[in-house]
Amino acid sequence: MYSEKVMEHFENPRNVGEIENASGVGTVGNAKCGDIMRIYLDIDDNGMIQDCKFKTFGCGAAVATSSMATELVKGKSIQDAMKVTNKAVMEALDGLPPVKVHCSLLAEEAIHAALWDYAEKHGIKIEGLEKPKSDIHEGEEEKEEY
Amino acid sequence: MNDFIYLDNAATTKTAPEVVEAMLPYFTINYGNPSSIYSLGSTAQKAVMESREYIASTIGAKSNEIYFTGGGSESDNWALIATAEAYASRGRHIITSKIEHHAILHTCEYLEKKGYEITYIDVDENGIIKLDDLKAAIRQDTILISIMFANNEIGTIQPIKEIGQMAKAHDILFHTDAVQAYAHLPIHVDEMNIDMLSASGHKFQGPKGIGFLYIRTGIKIRSFLHGGQQERGRRAGTENVPGIVGIGKAARLAFSHMEEREKKEKELRDYLIKKIEGEIPYCKLNGDKEKRLSNNVNYSFQFIEGESLLIMLDRKGICGSSGSACTSGSLDPSHVLLAIGLPHEMAHGSLRLTVNWENTLEEMDRAVEAIKGIVERLRNMSPLYEDYINKNK
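Residue numbers (the numbering used here), protein chains in the order written: chain A, -16 to 129; chain B, 205 to 597.
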């Protein structure tokens, strides 16, 4: 059901771990829906993302999207990191099954949450960044009719 | 040695080679239609009859009370829908439990849309029906109680005899989904006051696509499929002769070694439970310790998610299943695990291993070793574990 790329990132996830005294930390998702992602950013004085690590509780797709998202933002400026959308993460993974698309949304949200934390700590405003939602799954639980 | 370890026997079992052998002639040699007049047809008819007679004998029923179906789900659908229709003039209330298989629960939801009222009774923290709640749920217009014999996820065995007595005392029909229990546990429809019972062939080394519904004589439920006189006119369609021969053979095999098999499976199950308990911290056995199917082990591992665990186990050649939402295609984890009161994260982190007596202790060792390594790896990746460790520093 998963692409080879997803499996590869799931089995060998990049950037797993924590960053001590991180510039920004964001945690999104909830245990109710079965996935929680936490992203740590190390951002230098020039606004460049020097390092990025993650911890994820979730399915294979959640781990793979976290891994890919950290790869995509690492070494980028804050503004370029803002351009890493869930679509970009999905494309980089050669796609996700429809029921797993929310995992890529969660990855995008986790990066935004970490950036929001960074912006708050430094009293700056990042263009286009909105306060992260507390629950990414809100409104998704509609039941199928049959 | 197999290159994989199959520990998902509640999902399906390997068809026994003797079963396949018994079925084969009914594809290419005795392929006649049982309804045909010539001898090729009557050979098939005889085989169907023999299978029906044998299966009836295993639950203390008469052969004309056994109706072959396409499997457990069809039997469950039939029992509920047809009873609801036939007894609607008497009442429109049905009682079931919160931990039934979806073949029951989704059929109940369908009936709710048709104007029936369903009461879903609670279970205790081990997954056992609360008899007092069941009694309290009974109303003047209750027409049916449907409670599963044993649960497919956590293996809990229900007090079927007591439920049967209660149903009988109130003149209510009693159906039990015995898909996980038939040919694994002794069942007697009269002693247990069972009016209808669903079973499925592939859960006891028979073929897939064949099951049966036992319907006690005198129950007036109507045809489920229209268009022929097969199954006493209640389920039309040319009989699945090879399947019927197969389920009959599988039942003969299963009942011939039931005690020995259960004993061996219990040994494997208890070994697996002891080993997991001893080697992996922060885990919980789901379901009742005693009133439990001999093949069922179900654990929740804290801080991790089940689908990840299953994929990694698969990479190591181990087949299991999980109540995680990710394995069900929905966002909610197993309704059974939620019903026994597990918090969501523990329900997402569940692993079900169901053994077969052909498994070995050595395979259990290999499985636990693999689970241990994977759980550790996933925990090191988990923000929940990180929080827990930081809190308890």
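For each residue, glycine too, the CB sits at the ideal point set by N, CA and C.
Ranked by how close their Cα comes to the Cα of B/N268, the residues B/N356, B/P221 and B/G422 have B/G422 in first place.
Taking a beta-carbon distance threshold of 8 Å, B/P485 does not count as an interface residue toward chain A. Of all C-beta pairs linking the region 37 to 49 of chain A to the region 86 to 93 of chain A, three or more are shorter than 8 Å, placing the two stretches in contact. Identification of residues in the region 281 to 309 of chain B having a C-beta nearer than 9 Å to some C-beta of chain A yields an empty set. Judged by DSSP in its simplified three-state form, B/F408 adopts helix. Runs of beta strand (DSSP E) with 3 or more residues, each lying fully within the region 460 to 524 of chain B, are found at 487 to 489 and 500 to 505, listed in chain order. Contact note: B/S528 reaches chain A through G17 and C42, using a C-beta cutoff of 9 Å and chain order. If you ignore the 5 residues before and after B/D328, its C-beta comes within less than 7 Å of the C-beta of K334, all in its own chain and listed in chain order. Chain A has a Cβ within less than 8 Å of the Cβ of B/P537. Collapsing the DSSP output to three states places B/R420 in coil. Secondary structure note for A/C35: its beta strand (DSSP E) is the uninterrupted segment I32 to F40. Chain A places no beta carbon closer than 8 Å to that of B/E580, leaving this residue out of the contacts. In the three-state reduction of the DSSP assignment, B/E321 falls in the strand class.
Listed along the chain, the chain B residues whose CB falls inside 8 Å of the CB of A/A14 are P547, H548, E549, H552 and L588. Taking CB atoms only, B/F208 has no neighbour in chain A less than 8 Å away. At a Cβ-Cβ threshold of 8 Å, A/S6 and A/L76 do not count as neighbours. Chain order gives the chain A residues near B/I508 as F40, where near means a beta carbon separation below 9 Å. The region -10 to 75 of chain A contains, as complete alpha helix (DSSP H) runs of 4+ residues, the segments 43 to 56, 61 to 65 and 69 to 75 (chain order).
Between B/Q409 and B/A458, the CB-CB gap stays under 8 Å. Secondary structure at B/L211: coil, using DSSP grouped into helix, strand and coil. In the three-state DSSP reduction, B/T300 falls in the strand class (E or B). Taking C-beta separations shorter than 7 Å and ignoring five residues to either side along the sequence, the partners of B/E254 in its chain run G452, following chain order. When the five nearest sequence neighbours on each side are left out, the beta carbons in the same chain lying within less than 7 Å of the beta carbon of A/D100 are those of G7, V8 and G9, in order along the chain. For the 8 Å CB-CB criterion, B/G441 and B/G275 do not form a contact. For B/R583, the enclosing alpha helix (DSSP H) covers residues L565 to N584. Assigned with DSSP and collapsed to three states, B/H374 falls in coil, not helix or strand.
Here B/L457 is not bridged, per DSSP, to any residue. Using a 10 angstroms sphere on the CB of B/Q384, the tally of other CB atoms reaches 16 or more, which defines it as buried. Sequence-distant partners of B/A382 (beyond 5 residues in either direction) whose C-beta falls short of 7 Å from its own C-beta, in its chain, are F353, I391, L401, S402 and A403.
Counting along the chain, the unbroken beta strand (DSSP E) around B/L348 starts and ends at T346 to S350. Using a 10 angstroms sphere on the CB of B/I259, the tally of other CB atoms reaches 16 or more, which defines it as buried. In terms of Cα proximity to B/L489, the closest of B/G295, B/A288, B/L338 and B/G545 is B/G545. Against chain B, the CB of A/R21 has a partner CB under 8 Å away; the residue lies at that interface. Taking 8 Å as the CB threshold, B/I347 stays off the interface with chain A. Secondary-structure assignment with DSSP links B/G415 through a beta bridge to B/T273 and B/S404. Exclusion of the five residues before and after B/G450 leaves V223, M227, G410 and P411 as the residues of its chain whose Cβ lies within less than 6 Å of its Cβ.
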